[in-house]
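Each remark here refers to the structure printed beneath this line.
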Amino acid sequence: MSVSEDRTVQPATAAPATGIADPAPLGLAAFAATTFLLSAANAGWMTKATGDAWLGYAFAYGGFAQLLAGMWEFRNRNVFGATAFSTYGGFWIGLGLWALLVAPKAASPAAADHDIAWILLTFAIINTYLLILSTQVNMAVFLVFLTLEITEIILFIGLFAGSTGTVKFGGYVGLVTALVAFYASAAGISNGLAGRLRFPVGRPLIS
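Its first residue numbered 4, the sequence shown is counted upward by one per residue in the working numbering.
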């Protein structure tokens with residue numbers, strides 16, 4: 004499955020016009036896994052862990068692997084996929100750098116929370132037009148951006164307000180976002196194989 008067009012209608016054995024494999028399933032998996040780890044911490048699930056399990060993967064998987072997927076989407080002439088994956092690859096790398104370099108110097112926990120709130124607000128703006136344009140892709144991709152939009156809005160409201168309950172709720176919505184992205188990734192892999200097992204992605208809302 005491509006993030007900009009539903010390639011699942013093509014024969015499973017058909018090679019992309021560019022001669023390279025569809026990078027979207029990798030980008031979606033990288034986004035999903037890192038989102039899952041951070042959202043589990045926000046939801047309060049990691050009671051016996053450090054809560055920072057997401058950090059290394061913000062660089063290695065959600066960041067670097069997703070950024071690579073974005074670059075390969077440029078090679079595929081897929082402007083939507085290139086922009087979406089590169090944007091969120093950069094988001095995870097930037098968030099990881101902030102956690103390592105800026106957060107330890109924050110004047111207070113509230114100041115750190117406001118930093119993250121501003122970051123999430125900024126990316127919610129970008130995500131808004133990606134969400135609108137994803138209506139032309141397929142239902143699975145649209146739901147990824149829809150649940151992500153809701154997650155970002157809840158989290159930045161909670162962080163600006165200093166409401167731990169709202170942030171925890173945002174963590175649960177983030178877990179839903181991750182699960183939707185996992186499914187979209189699996190669907191892309193299944194529809195890129197020659198076998199009979201295919202996961203549906205649904206038709207675009209606007210075609």
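Positions of the beta carbon are idealized from the N, C-alpha and C atoms, including for glycine.
- For F202, the secondary structure class from DSSP, reduced to helix, strand or coil, is coil.
- For K51, there is no enclosing alpha helix (DSSP H), as DSSP marks it with neither H nor E.
- For N130, the enclosing alpha helix (DSSP H) begins and ends at 112-137.
- Counting every other CB atom within 10 Å of its CB across the protein chains shown gives P112 a total below 16, marking it as exposed.
- For R78, the uninterrupted alpha helix (DSSP H) segment begins and ends at 69-78.
- Note on geometry: alpha-carbon atoms of L158 and W101 lie some 17 Å from one another.
- In this structure, the straight-line span from the alpha carbon of A120 to that of G30 is close to 24 Å.
- The shortest CA-to-CA distance from L149 to any of Y60, L71, A181 is the one to A181.
- Per DSSP, reduced to three states, the secondary structure at N45 is helical.
- Judged by pairs of C-beta atoms under 8 Å, the segment 36-53 does not touch the segment 72-90, as fewer than three such pairs exist.
- Rounded to whole angstroms, the gap between the alpha carbons of L196 and D116 is 44 Å.
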